[in-house]
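Read the structure below first, then the notes.
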Amino acid sequence: MINPELHKKPLALDRTEHRHLKVRRETNILEAAAGLNAFFVTAAEFADACKEYPILFLRAGTDPEGKPLVAPLAIFGLTRGENLFYRNGVWDARYVPAMLRSYPFSMAHADEKRYVLCFDSSSPAISTEEGEPLFDAEGEPTPYMKSVQSFVEQIEIEVERTRLAGRRLMELGLLQDKRFDATLPDGTTVVVDGFLAVDEARMDKLTDAEVVQLHRNGLLGLLNLHVASLGNMRALLERRVAMNAKPA
Numbered sequence: 121m122i123n124p125e126l127h128k129k130p131l132a133l134d135r136t137e138h139r140h141l142k143v144r145r146e147t148n149i150l151e152a153a154a155g156l157n158a159f160f161v162t163a164a165e166f167a168d169a170c171k172e173y174p175i176l177f178l179r180a181g182t183d184p185e186g187k188p189l190v191a192p193l194a195i196f197g198l199t200r201g202e203n204l205f206y207r208n209g210v211w212d213a214r215y216v217p218a219m220l221r222s223y224p225f226s227m228a229h230a231d232e233k234r235y236v237l238c239f240d241s242s243s244p245a246i247s248t249e250e251g252e253p254l255f256d257a258e259g260e261p262t263p264y265m266k267s268v269q270s271f272v273e274q275i276e277i278e279v280e281r282t283r284l285a286g287r288r289l290m291e292l293g294l295l296q297d298k299r300f301d302a303t304l305p306d307g308t309t310v311v312v313d314g315f316l317a318v319d320e321a322r323m324d325k326l327t328d329a330e331v332v333q334l335h336r337n338g339l340l341g342l343l344n345l346h347v348a349s350l351g352n353m354r355a356l357l358e359r360r361v362a363m364n365a366k367p368a
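For what it's worth, the working numbering labels the leading residue of the sequence shown as 121, then goes sequentially.
Listed below in structure tokens is the structure:
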């Protein structure tokens, strides 16, 4: 999954053309996310991500059958370009989304059935002079390259599972448009909208059979983690106030 705001110049990795590429593993790859106020998380990450960030859903078009899709996002800031978790080269949270940790690598569709491993050619971690080689002298993937590929392939599997989960939530009408309003101590108003969150009224109307089905397919647990994460909106606001406070 390519994120245009993160992967500025993605290229498909070619074992011949990119045989001499290396990765500077000491590079702070999270710097690439310094200006991101939200980022995709898979359903498998909700249990960890909900402890740190609000998790909201964003409309993500439709699938080939015309069914609406959504993408869950961990929220890092209250306005575009604001990341309240990255300061002075340090990520101030115990959990970092998997796709960020895999940067500068990711997967992309080559066609409807095939994926290719990609890398962001604009990343300072990519080098031809120094770092961890991606291929050996025979042009075969190094152990490091194999571990990277395994990691991003697993992420892509979870991306597809998350896509299906979101589609099911929309089919059941369990998500609705929401808005978050807050007033800062200096009187500034902050509005966060354009996202979806659980429709509590619809949840209350679920039949016993629907609840059992949601429990069995894991969606009920997913929604509970999403709801738990919403308490982090207030914490995010407090984080912004603290970071913008002038020294005494």
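Every residue, glycine too, gets a C-beta built ideally from N, C-alpha and C.
**OP:** Could you tell me if valine 279 is buried or exposed, where buried requires 16 or more neighbouring beta carbons within 10 angstroms of its beta carbon?
**Re:** buried
**OP:** State the DSSP-derived secondary structure class of histidine 229, mapped to helix, strand or coil.
**Re:** DSSP places histidine 229 in strand when its eight states are reduced to three.
**OP:** Work out the CA separation of lysine 298 and leucine 176 for me, nearest whole Å.
**Re:** 9 Å
**OP:** Provide the residue span of the beta strand (DSSP E) that contains leucine 316, from first to last.
**Re:** 309-318
Original post:
Comparing the C-beta of proline 217 with each C-beta of chain C, is any distance below 9 Å?
Top reply: Any reference to chain C falls outside this structure, which holds one protein chain only.
Original post:
Between which two residues does the alpha helix (DSSP H) containing arginine 299 stretch?
Top reply: Run containing arginine 299: none in the alpha helix (DSSP H); it sits in the beta strand (DSSP E), 295-303.
Subject >> Residue environment, aspartate 313, which counts as buried when at least 16 other CB atoms sit within 10 Å >> reply: Burial check for aspartate 313: the Cβ neighbour count within 10 Å stays below 16, so the residue is exposed.
Subject >> Residue burial classification, glutamate 250 (beta-carbon count within 10 angstroms, cutoff 16) >> reply: exposed
Subject >> Cβ shell of serine 242 (< 6 Å), same chain only, five flanking positions each side left out >> reply: Lys128, Lys129
Subject >> DSSP state of serine 270 mapped onto helix, strand, coil >> reply: helix
**OP:** For methionine 100, count neighbouring C-beta atoms within 10 Å of its own C-beta (all shown protein chains included) and say buried if the count is 16 or more, exposed if not.
**Re:** This structure cannot speak to residue 100, because the chain is shown only from 121 to 368.
Original post:
Per DSSP, what kind of secondary structure is phenylalanine 160 in: helix, strand or coil?
Top reply: strand
**OP:** Only counting runs of 3 or more residues, tell me where the beta strand (DSSP E) segments fall wholly within the region 186-227, in order along the chain.
**Re:** 188-195
Original post:
Exposed or buried, what is leucine 343 when buried is set at 16 or more other beta-carbons lying within 10 Å of its beta-carbon?
Top reply: It counts as buried.
**OP:** Check whether the region 297-311 touches the region 214-224, counting contact only when three or more Cβ pairs, one atom from each stretch, lie closer than 8 Å.
**Re:** no
Subject >> Nearest to phenylalanine 300 (by Cα), restricted to the options Ala132, Asn352, Phe271, Ala245 >> reply: Asn352
Original post:
Which value, in whole angstroms, describes the spacing of the CA atoms of threonine 327 and leucine 289?
Top reply: Going by C-alpha positions, threonine 327 is about 15 Å away from leucine 289.
**OP:** Determine the closest residue to arginine 145 out of Val311, Ala164, Arg221, Gln333, with distance taken between C-alpha atoms.
**Re:** Arg221
Original post:
Where does leucine 131 fall in DSSP's three states?
Top reply: strand
Original post:
Three or more beta-carbon pairs under 8 Å between the region 160-172 and the region 191-207, yes or no?
Top reply: yes
**OP:** Count the C-beta pairs between the region 352-361 and the region 322-336 that are closer than 8 Å, then say yes if the count reaches three, no if not.
**Re:** The answer is no - the region 322-336 does not touch the region 352-361, with fewer than three Cβ pairs under 8 Å.
Original post:
When we look at the beta-carbon of histidine 229 and count the other beta-carbons within 10 Å, is it buried (16 or more) or exposed?
Top reply: exposed
Original post:
By Cβ distance below 7 Å, which residues in the same chain neighbour asparagine 203 in space, the five residues on each side in sequence not counted?
Top reply: Hits under 7 Å: Ala153, Ala154, Gly155, Leu156, Asn157, Phe196, Gly197.
Subject >> aspartate 240 classed as buried or exposed, judged by whether at least 16 other C-beta atoms fall within 10 angstroms >> reply: Around the Cβ of aspartate 240, a 10 Å sphere holds 16 or more other Cβ atoms; the residue is buried.
**OP:** Taking leucine 254 and leucine 141 to be in contact with their CB atoms under 8 Å, please state how far apart those CB atoms are, rounded to whole angstroms.
**Re:** 5 Å
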